[in-house]
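S.K.: Same order as they appear, the protein sequences are chains V and G.
Okay, so the first sequence: first residue is 1 according to UniProt numbering, each after it adds one.
Okay, so the second sequence: first residue is 1 according to UniProt numbering, each after it adds one.
Don't be surprised by glycine CBs; every beta carbon is placed ideally from N, CA and C.
Before we start, here is the structure in question, set down as structure tokens.
2 protein chains.
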Amino acid sequence: MKIDPQSPADLSAQIASAIRDAIIAGELIVDQRLPSEAEMAEHFDVSRPTVREALKRLAAQSLIRTQRGATGGAFVNRIRFEEAYSQQITTSTLLLSMNTVSFETACEARYALERACAALSAKRRTADHLATMRAEIHRQSQPGLTDEAFCASDVAFHRALVDGAGNPVMSYQLAGAVEAMQPLMNMITFTARDRARIVQMHGDIADAVERRDAAGVEAGLTALEHETQQLALNAIAARDAAKEQAAR
Amino acid sequence: MKIDPQSPADLSAQIASAIRDAIIAGELIVDQRLPSEAEMAEHFDVSRPTVREALKRLAAQSLIRTQRGATGGAFVNRIRFEEAYSQQITTSTLLLSMNTVSFETACEARYALERACAALSAKRRTADHLATMRAEIHRQSQPGLTDEAFCASDVAFHRALVDGAGNPVMSYQLAGAVEAMQPLMNMITFTARDRARIVQMHGDIADAVERRDAAGVEAGLTALEHETQQLALNAIAARDAAKEQAAR
DNA sequence: GCGTTTTTAATGTCAGACATTTAAAAACGT
DNA sequence: ACGTTTTTAAATGTCTGACATTAAAAACGC
């Protein structure tokens, strides 16, 4: 592992890259201890703070973990799905909020991917998944629920559907798509009638999942996608109207 | 923004979290300049190196970028899809290689998600996407191609298919699923007959995409999934047989 | 008014020190 | 000899202060 002191790039970034590449290439295996900061500083011919900055970069990506004490140091981290989830959600959320991705595009992607889980979820869902879906539907029909709580329950419902597929890789991929939409969904004001329609659709989907009817789940998701797109259009129209009113 | 000096967590991690939360909450908007390192050090009552470690963590996630010089500093970064791609690929690759996810599970997820793009891609693909797919098919049929090059071309083919859907969010989500599989695919040795079959299937998919036949694309992907699963089973069997041979 | 030079404010890097944590080694008492 | 306590050592975490480098703005000269 070598770095180029003449490169315009930060030394800490170069060191981080070198270590990252070694981990990805499998030269450093899980739970293996990296050399101490002092040793690395000597190896790369930089100071300890520079090495530390590099290590912090890797820690931010959950590639390593550090431990203090006599037998401490930096260790290659076995990245878990849960850690990866939260990173993916952070990134996806920012992508959606910063990149002027239209609600329409995000919504289309979300439901298309979710439909990809439909067949597997219909086949493999356990009683637990179904119970979670029913419980969230029940929560959504409670009056007096805030819009945020309604959206959160919506996310929980969809996660149960996705998890029902019994494929952790799909759950990981979908977590970003579903949860990142939440801030966008929160801009929508749900009337009582909107909620009733959504609860009805969720019920239809749960029914289809219960009788292991893949086509029914897909159809239900498609209907829900149209409903969501329509609500978003109304919300945007209402917002624009309010803006115009304010401009007078 | 406050931190707790008594907390067992690293100060730099706490500071990074505080800034990250502010960015996600929209309190800091894109291209806004953060206070200088010295100012932040004073604000949080820590030293400059500690602040720097926090900033490096955020830089590793592409949440901020730094600029040197008189008008320099740390700025909230508009995260681009390309940066997010590479991060997602890194994370996905490590997840697959470290978490004892079976080839079967990863492959199932990949093709399920890819089928989610089929209908959209059949509808929206441009001549460019189709040309890329044809070009990659042609490359794959060249004799003397290494297995790595064959896999790389395979990835390029599938990316063209996914990009054909014209939905950047889906392209982003799928990049991880497709590219992260490459190291796993590279463990397979493709015989000439295997390659011929795959090229044939790619041709079928491209044909379906050309005539905008969504069901045809889905069927082609399903066939390809079965073929891939079968090849992997053979590869694993061959490996295990070799192991047993060596054990004697 | 334009090109050049100087200033300045910021990040990037270094050196050395001390604080804190943790586990292992050593010392100790029974 | 064994179990407990104390000491020690090695590592990360943090601080201070300094200097190097960069790039834009200000000052200057023509």
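Could you check where the alpha helix (DSSP H) with T134 of chain G kicks off and where it finishes?
M.R.: Your numbering for residue 134 of chain G matches position 134 in the second sequence. Reading off the sequence, residue 134 of chain G comes out as Arg, not Thr. Its alpha helix (DSSP H) spans residues A127 to Q140.
S.K.: Anything in chain V within Cβ reach of Y85 of chain G, meaning under 9 angstroms, just list it in chain order.
M.R.: Here residue 85 of chain G is taken as the residue at index 85 of the second sequence, counted from 1. Near Y85 of chain G there are no residues of chain V at all, since even the closest Cβ is about 10 angstroms away, more than 9 angstroms.
S.K.: Would you please verify whether the beta carbon of S92 of chain G is less than 9 angstroms from any beta carbon of chain V?
M.R.: Residue 92 of chain G sits at position 92 when you count from the first residue of the second sequence. Yes, its Cβ sits closer than 9 angstroms to a Cβ of chain V.
S.K.: Would you mind reading off the limits of the beta strand (DSSP E) that contains T90 of chain V?
M.R.: Taking the first residue of the first sequence as position 1, residue 90 of chain V is located at position 90. First-last for T90 of chain V: F81 to M98, but that is the alpha helix (DSSP H), not the beta strand (DSSP E).
S.K.: Below 8 angstroms, how does it come out for the stretch 126-138 of chain V and the stretch 97-114 of chain V: are there three or more Cβ pairs, yes or no?
M.R.: Cβ pair count under 8 angstroms is below three, so no.
S.K.: Spell out the partners DSSP gives V76 of chain V in its beta bridges.
M.R.: Against the first sequence, residue 76 of chain V aligns to sequence position 76. V:I64, per the DSSP bridge assignment.
S.K.: What three-state label does DSSP hand R20 of chain V in the structure shown?
M.R.: To locate residue 20 of chain V, count along the first sequence from 1; it is residue 20. Correct three-state label for R20 of chain V: helix.
S.K.: From the DSSP secondary-structure annotation, give me the bridge partner or partners of R48 of chain V.
M.R.: One-based indexing of the first sequence puts residue 48 of chain V at position 48. In DSSP, R48 of chain V forms no bridge with anything.
S.K.: Of all the CB atoms in chain V, is at least one closer than 9 angstroms to the CB of T105 of chain G?
M.R.: Reading the second sequence from its first residue, position 105 is the one you call residue 105 of chain G. Cβ-Cβ to chain V under 9 angstroms: yes for T105 of chain G.
S.K.: If A74 of chain G sits next to L34 of chain G, beta carbons under 8 angstroms apart, how far is it from one beta carbon to the other, in whole angstroms?
M.R.: Within the second sequence, residue 74 of chain G is the residue found at index 74, counting from 1. Within the second sequence, residue 34 of chain G is the residue found at index 34, counting from 1. 4 angstroms between Cβ atoms; contact.
S.K.: Buried or exposed, going by whether 16 or more other CB atoms sit within 10 Å of the CB of L11 of chain G?
M.R.: Against the second sequence, residue 11 of chain G aligns to sequence position 11. It counts as buried.
S.K.: Are there 16 or more other CB atoms within 10 angstroms of the CB of R115 of chain V, so buried, or fewer, so exposed?
M.R.: Taking the first residue of the first sequence as position 1, residue 115 of chain V is located at position 115. Label assigned to R115 of chain V: buried.
S.K.: Based on Cα-Cα distance, which residue from V:V178, V:A70 and V:F103 lies nearest to Q230 of chain V?
M.R.: Taking the first residue of the first sequence as 1, we reach residue 230 of chain V at position 230. The shortest Cα separation from Q230 of chain V among V:V178, V:A70 and V:F103 belongs to V:F103.
S.K.: So what does DSSP say about R33 of chain V, is it helix, strand or coil?
M.R.: As a working note, residue 33 of chain V is residue 33 in the first sequence. Strand.
S.K.: Give the DSSP-derived three-state secondary structure of R124 of chain V in the structure shown.
M.R.: Start at 1 with the first residue of the first sequence, and residue 124 of chain V comes out as number 124. Three-state DSSP puts R124 of chain V in a helix.
S.K.: Measure the C-alpha to C-alpha separation of I205 of chain G and S141 of chain G and round it to an integer number of angstroms.
M.R.: Position 205 of the second sequence, counting from 1, holds the residue named residue 205 of chain G. Position 141 of the second sequence, counting from 1, holds the residue named residue 141 of chain G. Whole-angstrom Cα-Cα distance: 15 angstroms.
S.K.: For V155 of chain V, tell me which candidate among V:R68, V:L184 and V:R125 has the shortest Cα-Cα distance.
M.R.: Position 155 of the first sequence holds residue 155 of chain V. The shortest Cα separation from V155 of chain V among V:R68, V:L184 and V:R125 belongs to V:L184.
S.K.: When you compare the stretch 174-183 of chain G with the stretch 78-95 of chain G, are there three or more beta-carbon pairs, one atom per stretch, that lie closer than 8 angstroms?
M.R.: As far as the Cβ criterion goes, the stretch 174-183 of chain G touches the stretch 78-95 of chain G, which means the pair count is three or higher.
S.K.: In terms of alpha-carbon separation, which member of V:E227, V:S171, V:G164 and V:Q173 lies closest to R195 of chain V?
M.R.: Residue mapping note: residue 195 of chain V aligns to position 195 of the first sequence, counting from 1. It is V:E227 whose Cα lies nearest to the Cα of R195 of chain V.
S.K.: Exposed or buried, which one is M170 of chain V when buried takes at least 16 other CB atoms within 10 Å?
M.R.: In the first sequence, the residue the question calls residue 170 of chain V occupies position 170. Buried, since its Cβ has 16 or more Cβ neighbours within 10 Å.
S.K.: Could you compute how far the alpha carbon of D4 of chain V sits from the alpha carbon of A54 of chain V?
M.R.: If you number the first sequence from 1, residue 4 of chain V lands on position 4. If you number the first sequence from 1, residue 54 of chain V lands on position 54. Between D4 of chain V and A54 of chain V, the C-alpha separation is close to 15 angstroms.
S.K.: What three-state label does DSSP hand P5 of chain V in the structure shown?
M.R.: Start at 1 with the first residue of the first sequence, and residue 5 of chain V comes out as number 5. P5 of chain V falls in the coil class under three-state DSSP.
S.K.: Does DSSP put E114 of chain G in a helix, in a strand, or in coil?
M.R.: Here the question's residue 114 of chain G lines up with position 114 in the second sequence. In this structure, E114 of chain G counts as helix in the three-state DSSP scheme.
S.K.: Kindly say whether F81 of chain V, judged by its beta-carbon, lies nearer than 9 angstroms to any beta-carbon of chain G.
M.R.: Here residue 81 of chain V corresponds to residue number 81 of the first sequence, with the count starting at 1. Chain G, which has a Cβ nearer than 9 angstroms to the Cβ of F81 of chain V, makes this yes.
S.K.: Is there a Cβ from chain G that is less than 9 angstroms from the Cβ of K123 of chain V?
M.R.: Counted from its first residue, the first sequence places residue 123 of chain V at position 123. By this cut-off, K123 of chain V is not an interface position.
S.K.: Comparing the C-beta of A112 of chain G with each C-beta of chain V, is any distance below 9 angstroms?
M.R.: Taking the first residue of the second sequence as 1, we reach residue 112 of chain G at position 112. With 9 angstroms as the cut-off, A112 of chain G counts as an interface residue toward chain V.
S.K.: Straight-line CA distance for S62 of chain G to A119 of chain V?
M.R.: The residue given as residue 62 of chain G occupies position 62 in the second sequence. The residue given as residue 119 of chain V occupies position 119 in the first sequence. Roughly 36 angstroms between the two C-alpha positions.
S.K.: Assuming the contact rule is C-beta atoms closer than 8 angstroms, N167 of chain G and T50 of chain V should be a hit. Round their C-beta distance to whole Å, please.
M.R.: Position 167 of the second sequence, counting from 1, holds the residue named residue 167 of chain G. Position 50 of the first sequence, counting from 1, holds the residue named residue 50 of chain V. Actually they do not touch by this definition, with Cβ atoms about 41 angstroms apart.
S.K.: Expressed to the nearest angstrom, what Euclidean distance is found between the alpha-carbon atoms of A135 of chain G and A152 of chain G?
M.R.: Position 135 of the second sequence holds residue 135 of chain G. Position 152 of the second sequence holds residue 152 of chain G. C-alpha separation (whole angstroms): 13 angstroms.
S.K.: Starting from residue 319 of chain V and walking both ways along the alpha helix (DSSP H), at which residues does that stretch end?
M.R.: Any question about residue 319 of chain V goes unanswered here, given that chain V covers just 1 to 248.
S.K.: What is the rounded straight-line gap between the Cα of Q6 of chain G and the Cα of G220 of chain V?
M.R.: Along the second sequence, one-based indexing puts residue 6 of chain G at 6. Along the first sequence, one-based indexing puts residue 220 of chain V at 220. Their Cα atoms are separated by approximately 51 angstroms.
S.K.: Could you compute how far the alpha carbon of R125 of chain G sits from the alpha carbon of A165 of chain G?
M.R.: The count along the second sequence starts at 1 and reaches residue 125 of chain G at position 125. The count along the second sequence starts at 1 and reaches residue 165 of chain G at position 165. R125 of chain G and A165 of chain G: Cα-Cα distance of roughly 6 angstroms.
S.K.: How would you list, in chain order, the residues of chain V whose beta-carbon sits under 9 angstroms from the beta-carbon of K243 of chain G?
M.R.: Your numbering for residue 243 of chain G matches position 243 in the second sequence. Neighbours of K243 of chain G on chain V: none; closest Cβ ~19 angstroms, over 9 angstroms.
S.K.: Suppose the cutoff is 8 angstroms on Cβ atoms and the five residues either side in sequence are ignored; what does the same chain contact list for A235 of chain V look like?
M.R.: Residue 235 of chain V sits at position 235 when you count from the first residue of the first sequence. Answer for A235 of chain V: M187, I188 and T189, listed in chain order.
S.K.: Any Cβ of chain G within less than 9 angstroms of the Cβ of Q6 of chain V?
M.R.: Translated into the one-based positions of the first sequence, residue 6 of chain V becomes position 6. So, not an interface residue.
S.K.: Around the Cβ of T146 of chain G, are there at least 16 other Cβ atoms within 10 angstroms (buried) or fewer (exposed)?
M.R.: The residue you call residue 146 of chain G lines up with position 146 of the second sequence. Counting Cβ neighbours within 10 Å, T146 of chain G comes out exposed, since fewer than 16 surround it.
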